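In my numbering, the protein residues as written are 633 to 713. One structure below.
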Amino acid sequence: MPHHHTHTTTTRTTTTRRRGLFGRKKVVHHQKRHATLGDKISGAMLKLKGSLTRRPGKKAAGTRRMHGTDGRGSHHTARRY
C-alpha cells in the first residue's frame, strides 16, 4: 500500500525562481515634473479629444501631461553664450 503524505501550502510574496538574465526585478521610475495649471487644462482637453475621436494614444498623452510624467523639460541643456 502506498504512503500518502499530507502537505500544507503557504503563500509567499517573494519568488525564489530566477527569471531572465540576472533574475532581479527592476523597479521602473518615471521622472516627474511639476504640472502647471496650463498643463492640467491642456491635458484635460487632449484627453477629451482622445475620447471623442477614439484615439487611446491621445487620451493617454493627456493623462501623462496632467500628471507631469510626459517628459517635457527633461531634455534641457545649459544655455551657452
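Just so you know, even glycine gets a beta-carbon here, dropped at the ideal spot from N, CA and C. Keep in mind that this is a model prediction, so the values were computed, not measured.
- DSSP places K664 outside both helix and strand once states are collapsed to three, so it counts as coil.
- Scanning K657, R665, T638 for the CA closest to the CA of T701 turns up R665.
- Taking a C-beta distance under 7 Å as the contact criterion, G682 and K691 qualify as a contact pair.
- Taking the Cβ atoms as the reference, R704 lies roughly 13 Å from L678, outside the contact range of under 8 Å.
- Around the C-beta of G675, 16 or more other C-beta atoms lie within 10 Å, and the residue is accordingly described as buried.
- Counting C-beta atoms within 10 angstroms of its own C-beta, G689 has fewer than 16 neighbours from the protein chains shown and is therefore classed as exposed.
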